[in-house]
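Participant:
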Amino acid sequence: MSTTTETTAPAEPTAFGGRLLIGATGAGAVALLPAYLSALRAHFTGTVTVFMTHTATRFLPPHTVALFADRVVTGESADTWPRDNHVSLAAEHDLVTVLPATAHTLSAVATGAAPHLLAATVLQATAPVVFFPVMSAEMWDTAAVRRTIAQIRADGHEIVDPVRGSRYDVGLGTFVEGPMPVPPPRFVEEVRTRMQARARQAAAAAA
Numbered sequence: 000m001s002t003t004t005e006t007t008a009p010a011e012p013t014a015f016g017g018r019l020l021i022g023a024t025g026a027g028a029v030a031l032l033p034a035y036l037s038a039l040r041a042h043f044t045g046t047v048t049v050f051m052t053h054t055a056t057r058f059l060p061p062h063t064v065a066l067f068a069d070r071v072v073t074g075e076s077a078d079t080w081p082r083d084n085h086v087s088l089a090a091e092h093d094l095v096t097v098l099p100a101t102a103h104t105l106s107a108v109a110t111g112a113a114p115h116l117l118a119a120t121v122l123q124a125t126a127p128v129v130f131f132p133v134m135s136a137e138m139w140d141t142a143a144v145r146r147t148i149a150q151i152r153a154d155g156h157e158i159v160d161p162v163r164g165s166r167y168d169v170g171l172g173t174f175v176e177g178p179m180p181v182p183p184p185r186f187v188e189e190v191r192t193r194m195q196a197r198a199r200q201a202a203a204a205a206a
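Residue 0 is where the sequence shown starts when you use numbering that gives the first Met the number 0, and the numbers rise one by one after that.
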């Protein structure tokens, strides 16, 4: 007599919502942003606003990002200032992420500077802010960057350390071993964890 064993497929991650702001800065890795947005859309039912710094738009056209986001902000037109300013952007979102986060932007945040609208929005935000750094191994390991990271964490923000692996360095034109952004599924889970925690806090406050 034969027996059969039933296997249960792993449960699909549950959908989650919220109001997410993704800040994209000027690193070559910003070209991978559509892959992160696509992975997010598989489970995220909320709204996605992407703020692109001027340098980020040189790597990736905003109209490409708009295929995956509800709203794309560049801050380059004075006509949009009444809506797209640091006060409204900070107030309208439950979570702020910066992906990719360059050393320049991290340094600005650590020192309280606001060289662009994204940095000003981070300084204004009362919602959680999470950074996903990307830079060369040599830069990541410098004392200056380590001080910057420590200061940002001391100020109450979160930094998800990059993972080590083989990546194509656009500056060198070859593959190198070094820090790279977390993969898209990990990014989705980082967002999910914080959005769900934010929702629980809001529910408890309203009870």
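Note that beta-carbon positions come from the ideal geometry of N, C-alpha and C, so glycine has one too. None of these values were measured; they are calculated from a predicted model.
1. Closest to Ala119 by C-alpha separation, out of Val181, Trp139, Gly16 and Val97, would be which residue?
2. Return the chain-ordered list of same chain residues with a C-beta closer than 7 Å to the C-beta of Val175, the five sequence neighbours on each side being excluded.
3. Taking the straight line between their C-alpha atoms, what separation do you get for Val49 and Ala149?
4. Which residues share a DSSP beta bridge with Pro178?
5. Does the structure place the stretch 65-74 close enough to the stretch 95-111 that three or more beta carbon pairs sit under 8 Å?
6. Who are the near neighbours of Ser1 in its chain, counting only those whose CB is closer than 7 Å to its CB and skipping five residues on each side?
7. In the stretch 122-174, which residue ranges form an unbroken beta strand (DSSP E) of at least 3 residues, counting only runs that do not cross its ends?
8. Using DSSP with H/G/I as helix, E/B as strand and the rest coil, what is Leu66?
9. DSSP three-state call for Leu59: helix, strand or coil?
10. Looking at the structure shown, is Ala34 part of a helix, part of a strand, or coil, going by DSSP?
11. Going by DSSP, name the residue or residues bridged to Leu94.
Facilitator: On the basis of the supplied data:
1. Val97
2. Arg166 and Asp168
3. 26 Å
4. Arg163.
5. Flag = no, the stretch 95-111 and the stretch 65-74 do not touch.
6. Because the pLDDT at Ser1 is just 49, under 50, the model does not fix this residue reliably, and the value given afterwards should be weighed accordingly. So no residue of the chain qualifies.
7. 128-132 and 162-168
8. coil
9. coil
10. DSSP, read as helix, strand or coil, puts Ala34 in helix.
11. Looking at the DSSP assignment, Leu94 forms a beta bridge with Leu19.
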